[in-house]
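Engineer:
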């Protein structure tokens with residue numbers, strides 16, 4: 001299948017939803033890396049992580065810190081240019097976190113505005129750049 005045919009609005013939307021299901025389920029690192037390019041640039045509020053090695057450090061940290069995660073994709077707006085697309089992604093993220101020795105976990109809820117660059121891979125879209133532009137807390141959310 002030609003690369004241009006892989007990057008459709010439907011394919012990118014489905015890919016974004018699949019990405020967040022994988023994060024919510026804390027799937028194995030290899031399965032998440034298969035959704036990214038080797039030269040990934042991953043920018044989140046706390047830092048920028050480069051390549052699979054950098055992403056692996058981020059993924060290990062978040063999968064050991066956050067639980068009961070639910071990501072709800074609210075908007076996927078791709079601008080497709082051949083074998084790449086710039087995509088605005090809006091997602092609601094809710095999770096729990098426990099900081100020992102606290103007696104209870106706390107709830108986190110944020111609306112994230114992101115920009116992704118995806119490229120056509122052999123089996124569909126791959127994330128090349130991922131940037132969290134804004135992370136707005138929901139009312140009642142604990143802070144990160």
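In the UniProt record's numbering, the protein residues as written are 1 to 144.
Backbone N, C-alpha and C define an ideal beta-carbon position, used for all residues, glycine too.
How far does the alpha helix (DSSP H) with residue 16 in it reach, from first residue to last?
Structural biologist: Taking the chain shown and counting its residues from 1, the one referred to as residue 16 is at position 16. Run containing residue 16: 9-24, per the alpha helix (DSSP H) assignment.
Engineer: If you compare alpha carbons, which of 62, 137, 133 and 118 is closest to residue 6?
Structural biologist: Along the chain shown, read from residue 1 onward, the residue named residue 6 stands at position 6. The shortest Cα separation from residue 6 among 62, 137, 133 and 118 belongs to 118.
Engineer: What are the boundary residues of the beta strand (DSSP E) that residue 77 is part of?
Structural biologist: Here residue 77 refers to the residue found at position 77 of the chain shown. That run of the beta strand (DSSP E) goes 66-81.
Engineer: To the nearest angstrom, how far is the alpha carbon of residue 34 from that of residue 107?
Structural biologist: Residue 34 sits at position 34 when you count from the first residue of the chain shown. Residue 107 sits at position 107 when you count from the first residue of the chain shown. One C-alpha to the other measures close to 30 Å.
Engineer: Report all residues from its chain with a CB closer than 8 Å to the CB of residue 31; omit the five preceding and five following residues, and keep chain order.
Structural biologist: Numbered from 1 along the chain shown, position 31 holds the residue referred to as residue 31. Same-chain partners within the cutoff: 22.
Engineer: Do you know how far the Cα of residue 101 is from the Cα of residue 130?
Structural biologist: On the chain shown, residue 130 is found 130 positions in, with the first residue counted as 1. On the chain shown, residue 101 is found 101 positions in, with the first residue counted as 1. Their backbone Cα atoms lie some 34 Å apart in a straight line.
Engineer: With a cut-off of 8 Å on the beta carbons, I'd call residue 50 and residue 128 a contact; round off their distance for me.
Structural biologist: Residue 50 sits at position 50 when you count from the first residue of the chain shown. Residue 128 sits at position 128 when you count from the first residue of the chain shown. Contact flag wrong, Cβ pair sits at about 12 Å.
Engineer: Please name the residue, chosen from 112, 91, 65 and 123, that lies closest to residue 37 on a Cα-to-Cα basis.
Structural biologist: Here residue 37 is taken as the residue at index 37 of the chain shown, counted from 1. For residue 37, the nearest C-alpha among the options comes from 123.
Engineer: Please classify residue 64 as buried or exposed, where buried requires at least 16 neighbouring CB atoms within 10 angstroms.
Structural biologist: In the chain shown, residue 64 corresponds to position 64, counting from 1. Classification for residue 64: exposed.
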